[in-house]
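Below you'll find the structure, written out as structure tokens, and then a few comments.
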Amino acid sequence: MALDFAAGCVGGAAGVLVGHPFDTVKVRLQVQNVNKPMYRGTFHCFQSIIRQESVLGLYKGIGSPMMGLTFINAIVFGVQGNTMRMLGRDTPLNQFLAGASAGAIQCVICCPMELAKTRMQMQGTGEKKSKRKMYKNSLDCLVRIYNKEGIRGINRGMVTTLVRETPGFGVYFLAYDVLTRSLGCEPEDPYMIPKLLFAGGMSGIASWLSTYPVDVIKSRLQADGVGGVYQYNGIMDCVRQSIQKEGWRVFTRGLTSTLLRAFPVNATTFATVTLFLMYMREGGECSIPDSEPPSVQLQPLQTQTHPTSM
């Protein structure tokens with residue numbers, strides 16, 4: 001199991017580096033003022049951030065997911081693996097339940113991590129060199145929020161994170177299980193890696209599509225209060241105001257960049273995990289992982305983000 005944790009950390013780091021720019025674009029589009037929008041769409045947002053803030057602007061807030069990555073992947077791999085062993089049978093329903101359990105428990109780390117990430121991503125919007133930085137880095141962001149608002153402050157958005165991550169991880173593990181079985185991903189298959197890349201990427205897309213509206217509300221709640229001005233009184237007030245001002249299309253804001261991010265992030269993450277385990281296991285075995293029930297050869301990794309993590 002320790003080897004699975006290590007592989008998850010390595011693979012997750014690769015996924016974060018590949019997907020963080022898309023996540024920054026997603027958050028900017030989700031929370032921008034509809035009355036005075038800065039960005040017309042995904043590609044315009046990319047261009048604007050690079051032009052106004054340099055390429056480094058796309059990587060704002062990356063410190064937070066990199067810091068929380070080890071704990072999140074350890075929790076996800078550990079809980080998912082133990083739940084599958086406890087359930088005993090490798091069935092689609094059990095895959096969903098095991099993934100959902102892992103998603104729910106890792107929210108303890110995921111929520112504060114994404115709060116800091118979101119605040120850092122919104123800091124200095126449109127400025128190449130911020131004149132006045134509210135937060136020095138992700139850790140400073142969490143410390144300042146804690147000093148001002150306490151535990152409740154650093155857990156802002158916890159309910160929406162839980163609602164997003166629980167079914168999101170369940171769908172991911174379920175979709176991955178179905179796809180790998182359908183594609184016939186066997187260790188001796190010369191096309192195993194491309195198949196795993198495809199299965200991981202498509203599973204990430206399925207997971208995001210199943211919970212994306214909740215992610216929009218989560219981002220808005222976590223970005224709310226920057227500068228001391230609060231716009232929403234809670235989840236339902238955020239939903240009501242968002243629909244009232246922007247209609248139902250508000251729940252698709254940033255979806256393009258999210259889907260563009262989901263495939264390469266999950267594909268990169270899983271490929272890295274696969275290669276890491278193949279290299280580390282004795283005798284060059286490529287079955288993953290042998291600590292799981294015999295019928296479960298391959299287990300996915302969700303990244304970020306989710307979201308959180310995906």
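Numbering (the working numbering), first residue to last: 1 to 310.
Where a beta carbon is used, it is the ideal one built from N, C-alpha and C, also for glycine.
### Query
In the region 146-196, which residue ranges form an unbroken alpha helix (DSSP H) of at least 4 residues, counting only runs that do not cross its ends?
158-183
### Query
In chain order, what residues of the same chain have a beta carbon less than 8 Å from the beta carbon of Y212, not counting five sequence neighbours either side?
F251, T252, L255 and T258
### Task
Can you grab the Cα-Cα spacing for the pair P112 / V214, in whole Å?
17 Å
### Task
Identify which residue in W208, G63 and Q241 has its Cα closest to the Cα of Y135.
G63
### Query
Just how far apart, CA to CA, sit C141 and N233?
22 Å
### Cβ neighbour criterion (16 or more within 10 Å) applied to K60
buried
### Task
Could you check which residue in C107, P65 and P187 has the C-alpha nearest to that of G168?
C107
### Query
If you draw a straight line from the C-alpha of G19 to the C-alpha of I193, how long is it?
20 Å
### Task
Count the other C-beta atoms from every protein chain shown that fall within 10 angstroms of the C-beta of Q222, then say buried if there are 16 or more, exposed otherwise.
buried
### Task
Ignore the nearest five residues each way along the sequence and tell me which others in G283's own chain have a CB closer than 7 Å to its CB.
Residue placement at G283 cannot be trusted, given a pLDDT of 47 that sits under 50; what the coordinates show is reported in the next sentence. Cβ within range, chain order: n/a, list empty.
### Task
State the Cα-Cα distance for the pair Q52 and M66, rounded to the nearest angstrom.
25 Å
### Query
At which residues does the alpha helix (DSSP H) containing G103 begin and terminate?
P92 to I105
### Task
Going by CA-CA distance only, name the one from N266, R240, D224 and V239 that's closest to W208.
N266
### Cβ neighbour criterion (16 or more within 10 Å) applied to M280
exposed
### Query
Using 8 Å as the Cβ pair cut-off and three pairs as the minimum, do the region 171-183 and the region 150-160 touch?
no
### Task
Over the uninterrupted alpha helix (DSSP H) stretch that includes V239, give me the two end residues.
I235 to E246
### Message
With a threshold of 7 Å on Cβ separation, who are the neighbours of E246 within its own chain once the five nearest residues in sequence on each side are excluded?
### Response
V34
### Query
Just how far apart, CA to CA, sit S356 and R119?
Because the chain is modelled from 1 through 310, residue 356 falls outside the range shown and cannot be assessed.
### Query
In or out: Y172 buried (at least 16 other Cβ within 10 Å) or exposed?
buried
### Query
If you drop the 5 nearest sequence neighbours on each side, which residues of the same chain put their C-beta closer than 6 Å to that of G57?
I49
### Query
Thinking just about the alpha-carbon of each residue, which of L69, S203 and Q244 is nearest to the one in V178?
S203
### Query
If you drop the 5 nearest sequence neighbours on each side, which residues of the same chain put their C-beta closer than 6 Å to that of Q311?
There is no way to answer for residue 311, as the model of the chain reaches only from 1 to 310.
### Message
By the DSSP assignment, the alpha helix (DSSP H) with E53 in it spans what residues?
### Response
T42 to E53
### Query
Looking at T160 and K218, is the spacing between their C-beta atoms short of 8 Å?
yes
### Message
Could you compute how far the alpha carbon of E149 sits from the alpha carbon of L69?
### Response
25 Å
### Message
For I205 and S101, I'd like the C-alpha separation in whole angstroms.
### Response
20 Å
### Message
Residues in the same chain with beta-carbon distance under 6 Å from I105, minus the five sequence neighbours each way, listed in chain order, please.
### Response
I75 and V79
### Query
What's the C-alpha gap between V143 and I109?
15 Å
### Message
By the three-class DSSP mapping on this structure, what secondary structure does D340 have?
### Response
Nothing about residue 340 can be read from this structure; the chain reaches only from 1 to 310.
### Inter-residue Cα distance where the pair is M86 and A175
21 Å
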